[in-house]
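Structure first, then comments.
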Amino acid sequence: MEKLLEQIKHGTVWPFPGGVHPPQQKSQSNSEKITRLPLPDKLVVPLKQHIGAHGKLIVDKGDYVQKGQALTSPTANWSVPVHAPTSGTILEIAPSPSAHPSALPELSVIIKPDGKDTWCQRQQVSNIKTIDHDELINIIHQAGISGMGGAGFPTYVKANTDKKIDFFIVNAVECEPYITADDVLMREHAVEVVQGIEIMQQLLQPTLCIVGIEDNKPQAISAMQKAAEHNEHIIIQSVPTVYPSGGEKQLIKLLTNQEVPSGGIPADIGVLVHNTGTLFAIQQAVYEGKPLIERVVTVTGNTIHKPGNVWALLGTEIKHLLDCQGFSPVPQQRVVMGGPMMGFTLPTVRIGVVKTTNCILAPDHNELAEPGDEKACIRCSACADACPVSLLPQQMQWFAKSKEYEKLQEHNLFDCIECGACSYVCPSEIPLVQYYRVAKVEIKEQQADKIKADRAKERFDARKERLEREQAERQNRHKRKPTTKSADEKQKVADALARVKPKSDKDGEKSAVAAAIARAKAKKQQGEQLEPDNSDVAKERAIRKQQARQYKEEKESQGSSESTDDKKSAVAAAIARAKAKKAAQQNSAESQDENTDSAPVDDKKAAVAAAIARAKAKKAAQQNSTESQDENTDSSPADDKKAAVAAAIARAKEKKRQKEGNNPS
Amino acid sequence: MKLTMASSPHNHSQKSLSKMMLSVIAACIPGFIAQVIFFGTGVIIQLVLALICVSVFEAIIMVLRKRSIFAALSDGSAWLTGVLLALSIPPLAPWWVIVIGSFFAIVMVKQLYGGLGFNLFNPAMAAYVLLLVSFPVQMTAWMPVTELLSQPTTLAQQLSIIFHNFTSTGFSLEQMRTTVDGMTMATPLDTIKTDIAHGLTVTESMQKPIFGEWAGLGWVWVNLGFLLGGVYLLKSKIINWHIPISMLVSLALCSAIGYVANPGTEPGIIFHLFSGATMLGAFFIATDPVSASTTNKGRLIYGAIIGLLIYLIRTFGGYPDALAFSVLLLNMAVPLIDYYTQPRTYGHGEVK
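Heads up: the protein sequence lines correspond to chains C and F, in order. The opening position of the first sequence corresponds to residue 5 in this note's numbering, with each subsequent residue numbered one higher. The opening position of the second sequence corresponds to residue 2 in this note's numbering, with each subsequent residue numbered one higher.
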């Protein structure tokens with residue numbers, strides 16, 4: 005460690021393998037100062053502009069918001085708020101195309117600026133030494149800061165790591181051609197960036213802070229050196245210009261000669277990397293009380309009249325940026341968000357600038373030729389020579405084409421950082437990165453499917469086991485019970501059986517089955533449509549009615565043993581039947597006229613009646629099946645039945661009362 | 002406004018297959034010129050024949066496979082195969098030798114395996130071996146350098162030999178190959194081999210007129226020509242250094258060890274490096290990307306074993322030169338080599 009520190013302080017860099025040297029194309033945009041765009045007509049602020057969950061919306065359509073006012077409040081972990089970039093009225097809160105290759109709609113707050121640009125109340129900190137760790141983290145969190153280099157990782161999460169950080173690295177490399185946003189930011193605001201670094205130093209207490217800047221930015225390097233003169237724990241390190249030295253893992257290797265373990269994060273090896281723009285945003289949040297509502301965006305390319313860097317409010321449509329800088333599109337125009345190596349083409353210019361938008365590139369066909377036809381791979385391995393993570397892109401390409409996903413994973417597909425160096429050098433113009441992206445998605449989907457399938461199998465096995473267990477228990481019961489039965493009981497059972505036998509119990513079974521099917525159907529329908537079809541319900545009730553009737557008939561067949569109790573239960577059943585009938589009628593009436601005033605009441609009544617009927621039908625069906633299947637049924641179930649029916653009625657009544665109680669109308 | 006969508010990266014190095022192939026063909030020029038100077042214009046005739054043949058065969062296959070003839074021919078890979086084959090066979094070999102060779106290289110070795118990128122073997126070398134095994138007389142009938150010839154040959158005479166077996170004045174190839182002192186000469190490699198088998202020492206053998214100070218007359222220059230072309234390929238990053246350097250180092254090392262052990266019967270480093278097809282092989286044949294190893298470590302192994310095999314076959318084998326056999330043998334070993342020489346991916350294994 006001591007030796008390593010010595011070497012770092014001495015200015016050693018450790019080159020990573022591979023890399024390419026695409027034309028820099030930076031001089032077009034870095035010669036002028038950053039300009040400020042006029043306020044656009046509207047701002048489209050997506051709620052989610054980072055990795056993680058979006059916050060809870062705390063404004064409404066029509067609300068007046070002030071500049072810097074929070075539009076969402078963070079809820080879950082990894083959620084950061086977004087803020088109103090200027091004062092104005094919320095026109096709408098609706099999904100609109102997102103700044104993503106797919107442009108899938110993302111819920112966005114659409115603001116019409118009032119032109120006054122009135123700030124909300126701001127909390128400014130003059131001396132960071134006076135505030136503690138948690139408060140500082142909270143300020144960064146509430147300011148909505150997430151990584152502005154590309155991935156958009158919530159900054160407060162990174163800053164709040166519980167791991168010991170040895171090296172705090174500032175990624176000011178900006179290795180993508182064309183982009184100069186960080187370059188000009190450092191030239192003009194080096195002091196603020198260094199203040200941002202010092203805030204992070206206070207939070208993380210790293211041994212050393214290394215600022216990595218590509219050697220093609222001499223002005224930025226000298227500005228940063230001057231600004232950091234007073235702080236001996238900050239080293240400004242110039243690194244050779246090679247793409248992708250700005251890749252997080254590549255930069256860590258370059259500056260510290262350490263490698264992030266595959267699948268791990270830099271904090272695992274005591275390293276934390278932040279982008280220059282992010283540090284500026286942190287400084288603004290802490291010292292100025294300004295949340296993240298604007299950023300520097302490079303607008304460049306041969307179709308732009310005035311290429312340069314602009315301060316763009318988040319949510320400013322790309323169209324506004326292009327219009328302000330002058331834009332004459334060519335046929336088959338591409339508009340790229342990000343750089344030419346890793347940026348993505350936009351399907352529309354009606355997309356808002358987000359926290360990670362560092363460049364808008366509108367090239368013509370001379371500077372960035374359109375991709376040619378894919379030709380045969382000749383295994384020249386130019387791709388492998390260019391790969392910064394030492395993969396074998398050429399071999400992976402064969403596996404990706406033949407969908408040999410296991411081999412792809414063996415060849416460390418998931419360590420690919422999709423930098424595009426391999427595609428850039430391929431003489432056969434094979435879109436290698438695209439093949440890997442597709443393969444990665446398919447592998448992830450397969451894994452998700454496998455997890456799902458495993459879970460389903462687990463459930464199935466558990467169910468099978470349960471069913472087997474239950475069956476075994478039932479069989480055991482059958483075996484056990486006859487031994488405990490007295491002769492008298494056996495006789496009774498035989499009698500009961502004799503009584504039941506003449507009656508065809510097949511009908512009963514059938515109706516039970518039919519009822520079950522009808523119930524299942526009704527249930528399914530309820531699941532499918534929120535308003536159930538009443539005709540089906542009526543049908544179901546008719547079936548239940550029939551069941552009830554049958555139940556009664558059965559009872560009558562058992563008439564010899566009928567007691568007064570039985571009579572009572574018969575009466576109760578009759579009442580229930582009548583009620584059910586009435587309910588069914590009302591129900592059918594309702595199905596014709598759903599707007600009847602008394603509908604809710606009738607519904608309830610019907611529901612109660614139906615519940616009673618259901619209970620009875622169930623009982624009947626149960627009894628029926630028990631009698632036919634189980635010879636051990638008690639021969640005098642009448643008392644039980646009576647009690648059950650009474651209980652059912654009581655339950656139903658109770659339910660009704662509760663419902664009425666709940667529903668004061 | 003309608004925007005065009007494309008997948009990143011949106012930039013390309015503008016390297017292309019055809020540029021690569023044409024550069025390799027261009028890099029053959031110095032060696033080719035040396036061959037013309039020392040072995041006559043027959044080389045040009047063979048080259049033209051080869052180019053016509055490979056184009057025709059490639060086109061026929063493209064028609065059969067219902068693919069674009071232009072796309073296949075314009076990548077230049079078939080022409081490169083033709084050039085390499087023409088440079089490998091004796092300049093005055095009968096016309097059908099190159100026709101059969103081109104057919105085998107393009108149709109059997111390349112296209113039947115699936116076309117460019119799918120062939121396991123180097124097409125030119127596979128064809129060369131087929132010809133050498135099938136027509137040993139024609140394939141070993143190398144002319145001595147022109148200055149040693151008893152009959153000065155004109156282009157017309159060479160054409161006549163190639164297409165009619167005799168010159169217009171009625172000389173056969175055998176007669177043409179006779180040197181001023183009335184002896185038919187084999188290639189330097191062959192001569193050394195035969196002489197050593199007959200009990201001569203290398204020094205004695207090297208007294209023969211076909212040898213110069215270091216190796217065979219003319220052959221040194223041909224090899225230097227290909228070395229020059231090879232340096233251009235390395236400089237322009239069309240080939241990597243791994244294969245040629247490891248192959249040459251390995252060959253040099255083996256011949257040095259041999260020389261130290263047996264100075265009387267071993268011709269030494271310079272002789273091996275500048276005889277036969279050494280330089281052509283090191284920079285143009287073994288580096289064929291399709292059939293060579295694709296990992297850097299693998300390339301070192303691949304080149305080193307080719308160098309070793311060349312030395313072994315030249316010294317102990319039945320053939321005077323061994324490049325084609327060595328390359329084909331190693332072509333077979335490529336999947337194995339590649340499998341065991343995968344580079345360590347970032348973040349894997351032990352990190353310094």
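Cβ atoms here follow ideal geometry from the backbone N, Cα and C, with glycine treated the same way.
Mind checking who T302/C pairs with in its DSSP beta bridge? N313/C, C363/C
In chain F, what lies closer than 7 angstroms to N416/C by C-beta? T346, H349
Starting from K435/C, find everything on chain F with Cβ-Cβ shorter than 8 angstroms and list it in chain order. The sequence as given places Pro at residue 435/C; Lys does not occur at that position. Correct list: S8.
Anything in the stretch 339-370 of chain C with a Cβ closer than 9 angstroms to a Cβ of chain F? List those residues in chain order, please. V339, V340, G342, G343, P344, M345, M346, G347, F348, T349, L350, P351, T352, V353, L365, P367
Residue-chain proximity (P290/F, chain C), Cβ-Cβ < 8 angstroms: yes
Leaving out the 5 sequence neighbours to the left and right, which residues in its chain are closer than 7 angstroms to K46/C when beta-carbon positions are compared? L95, I114, I115, K116
DSSP beta-bridge partners for S242/C? I217/C
Reference V277/C; option with closest CA among K294/C, G250/C, V300/C, T302/C: G250/C
Does any CB atom of chain F fall closer than 8 angstroms to the CB of E170/C? Sequence inspection shows Asp at residue 170/C; the Glu mentioned does not correspond to that position. Chain F contact via Cβ: absent.
Short CB-CB distance (under 8 angstroms) between Y428/C and chain F: yes
Beta strand (DSSP E) containing A98/C: first to last residue? 92-101
Contacting residues, own chain, Cβ-Cβ under 6 angstroms from N297/F (five flanking each side not counted): H243
Tell me which same chain residues have a C-beta within less than 6 angstroms of the C-beta of P31/F, skipping the five on either side of it? G226, L229, G230
Which residue from I169/C, V497/C, I214/C puts its Cα closest to that of L208/C? I169/C
Identify, in the order they occur along the chain, each residue of the same chain with its Cβ nearer than 6 angstroms to the Cβ of N107/C, setting aside the five sequence neighbours on each side. What sits at residue 107/C in the sequence shown is Ala, not Asn. The answer, listed in chain order, is P101, P351.
From E139/C to Q206/C, what distance separates their C-alpha atoms? 12 angstroms
With 16 other Cβ atoms within 10 Å as the buried cut-off, status of Q125/C: exposed
Is it true that the CB of M63/F sits closer than 8 angstroms to the CB of S69/F? yes
For P158/C, which residues does DSSP report across the bridge? S150/C
On the CB-based measure, 16 or more other CB atoms within 10 Å of its CB, does T346/F come out buried or exposed? buried
Within this structure, are the beta carbons of P10/F and V437/C separated by less than 8 angstroms? yes
Hey, is the stretch 649-659 of chain C in contact with the stretch 319-329 of chain C, meaning 3+ C-beta pairs nearer than 8 angstroms? no
Helix or strand or just coil, what does DSSP make of R354/C? coil
Taking all protein chains shown into account, decide if V290/C is buried (16 or more other Cβ within 10 angstroms of its Cβ) or exposed. buried
Name the DSSP beta bridge partners of I163/F, please? None, per the DSSP bridge assignment.
Give me whichever residues DSSP pairs with W123/C in a beta bridge. K71/C
Can a CB atom of chain C be found closer than 8 angstroms to the CB of G219/F? no
Given a cut-off of 8 angstroms on the beta-carbon distance, is the pair Y160/C and I144/C in contact? yes
Cβ of S385/C within 8 angstroms of any chain F Cβ: yes
Inter-residue Cα distance where the pair is G23/C and C387/C: 10 angstroms
For R40/C, the three-state DSSP class (helix, strand or coil): strand
Taking the CB atoms as reference points, tell me whether I322/C and V339/C lie closer together than 8 angstroms. yes
Do you know whose CA, among N261/C, S112/C, D272/C, lies nearest K167/C's CA? D272/C
Got a sec, what are the start and stop residues for the beta strand (DSSP E) P189/F sits in? Taken as a continuous stretch (DSSP letters only), P189/F belongs to no beta strand (DSSP E), being part of the alpha helix (DSSP H) at 189-198.
Measure from the alpha carbon of E178/C to the alpha carbon of each residue in N261/C, K52/C, M346/C, then state which is nearest. M346/C
Check whether I163/F and G83/F have beta carbons under 8 angstroms apart: no
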